[in-house]
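Here the structure is laid out as structure tokens; the discussion comes afterwards.
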Amino acid sequence: MDLGSHTINELVASLASKQPTPGGGAVAGLLAALSTSLGQMVLAYTQGKKKYAEHESLHTDCISFLQKASDDALLLANEDADAYEALNMLWKLEKNDPTRIERWEDALAKAIQVPLQTMELSERILTSLQTLQGKTNVMLSSDLIIAGILAESAARSARLNVEINLNQMVESDAKNALQSKTSDLLASCKFACKSIEDGC
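Now the structure itself:
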């Protein structure tokens, strides 16, 4: 799936339709991408201003990171839609179907790993946005806060997709480790988001 080729109207209509993809997992990636775009806008209105000249190097680094993160987020949105579609096709088969048996574990692992990667990316986005507190155009403080909220929302949304797919796994140390990891990631994202809001 190539969500980037859709207009906003097409994407909204696609999400509203009775089809399995794109769904919540893809939305999580899109939220992360929107967060990076808003962060870049804040920086665009900050660079070149004498008041913030001492932070120019930081701004340049953050723009570079956010541009790459935007590409990564959109890629993850597409990958999530593809991963869920593959899993959904297997769900339609009988449990003893040879194709389902052969492909199930790999498909389930992919459906867990993609939203987990979205969570990890969201945490990195929030870390980058945190470094900008007090170092960007004060007139865009609300936009920086919203960028943080979007990234946290991306992480929360992605976590839900990890959890629902983890329910398909048998109890194991690996499952417990993944649950612990998502809890830690979400806690980190919530803390960073609040820090951005409090610091602006």
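Count the sequence shown with the numbering used here and you get residues 1361 to 1560, in order.
We treat Cβ as the ideally placed atom computed from N, Cα and C, and that holds for glycine.
(1) How many angstroms separate the CA atom of Leu1403 from the CA atom of Leu1504?
(2) According to the neighbour-count rule (16 or more other Cβ atoms, all chains shown, within 10 Å of its Cβ), is Ala1386 buried or exposed?
(3) Starting from the Cα of Gly1408, find the closest Cα among Ser1555, Leu1489, Thr1420 and give me that residue.
(4) Whole alpha helix (DSSP H) runs in the region 1361–1440 with 4 or more residues, listed along the chain?
(5) Tell me whether Val1530 sits in a helix, a strand or coil according to DSSP, three-state version.
(6) State buried or exposed for Ile1461, treating a residue as buried only when at least 16 other CB atoms are found within 10 Å of its CB.
(7) Assess contact between the region 1511–1520 and the region 1540–1550, defined as three or more Cβ pairs (one per stretch) separated by less than 8 Å. Is contact present?
(8) In terms of residue numbering, what span does the alpha helix (DSSP H) encompassing Asp1466 cover?
(9) Given that a residue counts as buried once 16 or more other Cβ atoms are within 10 Å of its Cβ, and exposed if not, what is Ile1368?
(10) What does a CB cutoff of less than 6 Å around Gly1559 pick up in its chain, not counting 5 residues either side in sequence?
(11) Starting from the Cα of Ala1507, find the closest Cα among Ala1393, Leu1375, Ser1377, Val1498 and give me that residue.
(12) Give a yes or no on whether the C-beta atoms belonging to Val1530 and Ile1472 are separated by under 8 Å.
(13) Taking three-plus beta-carbon pairs below 8 Å as touching, is the region 1467–1482 in contact with the region 1435–1455?
(14) Within its chain, find whatever has a CB closer than 6 Å to the CB of Met1552; leave out the 5 residues flanking it on each side and keep chain order.
(15) So, with DSSP's three-state summary, where would you put Asn1497?
(16) Taking the straight line between their C-alpha atoms, what separation do you get for Glu1416 and Thr1406?
(17) Using only CA atoms, which one of Pro1380, Leu1371, Leu1526 lies nearest to Met1449?
(18) For my contact list, Leu1520 and Leu1538 are in at a C-beta cut-off of 8 Å; report their separation, rounded to the angstrom.
(19) When the Cα atoms are used, what is the spatial distance from Val1498 to Met1401?
Quick answer:
(1) Reading the sequence shown from its first residue, position 43 is the one you call residue 1403. Reading the sequence shown from its first residue, position 144 is the one you call residue 1504. For Leu1403 and Leu1504, the distance between alpha carbons rounds to 9 Å.
(2) Here residue 1386 is taken as the residue at index 26 of the sequence shown, counted from 1. Classification of Ala1386: buried, given that the 10 Å Cβ count is 16 or more.
(3) Taking the first residue of the sequence shown as position 1, residue 1408 is located at position 48. With distances taken between Cα atoms, Gly1408 lies closest to Thr1420.
(4) Taken in chain order, the whole alpha helix (DSSP H) runs of length 4 or more contained in the region 1361–1440 are 1368–1376, 1384–1404.
(5) Mapped onto the sequence shown, residue 1530 falls at position 170. Coil.
(6) For this step, residue 1461 is matched to residue 101 along the sequence shown. Classification for Ile1461: exposed.
(7) yes
(8) As a position in the sequence shown, residue 1466 is number 106, starting the count at 1. It spans 1458–1490 - the alpha helix (DSSP H) in which Asp1466 sits, taken as one unbroken run.
(9) Numbered from 1 along the sequence shown, position 8 holds the residue referred to as residue 1368. Label assigned to Ile1368: exposed.
(10) Position 199 of the sequence shown holds residue 1559. Correct list, in chain order: Gln1493.
(11) What you label residue 1507 is simply residue 147 of the sequence shown in a count that begins at 1. Closest option to Ala1507, Cα to Cα, is Ala1393.
(12) Residue 1530 sits at position 170 when you count from the first residue of the sequence shown. Residue 1472 sits at position 112 when you count from the first residue of the sequence shown. No.
(13) yes
(14) Walking along the sequence shown from the start, residue 1552 turns up at place 192. Checking the sequence, you will find Ala at residue 1552 rather than Met. Within the same chain, Leu1486, Gln1490 come within 6 Å of Ala1552 by CB-CB distance, once the 5 residues on both sides are set aside.
(15) Position 137 of the sequence shown, counting from 1, holds the residue named residue 1497. DSSP places Asn1497 in coil when its eight states are reduced to three.
(16) Against the sequence shown, residue 1416 aligns to sequence position 56. Against the sequence shown, residue 1406 aligns to sequence position 46. Roughly 9 Å separates the two Cα atoms.
(17) Looking up residue 1449 in the sequence shown gives position 89. For Met1449, the nearest C-alpha among the options comes from Pro1380.
(18) Position 160 of the sequence shown, counted from the first residue, corresponds to residue 1520. Position 178 of the sequence shown, counted from the first residue, corresponds to residue 1538. No, Leu1520 and Leu1538 are not in contact; Cβ-Cβ is about 14 Å, not under 8 Å.
(19) Sequence index remark: in the sequence shown, residue 1498 carries index 138 (1-based). Sequence index remark: in the sequence shown, residue 1401 carries index 41 (1-based). Roughly 13 Å separates the two Cα atoms.
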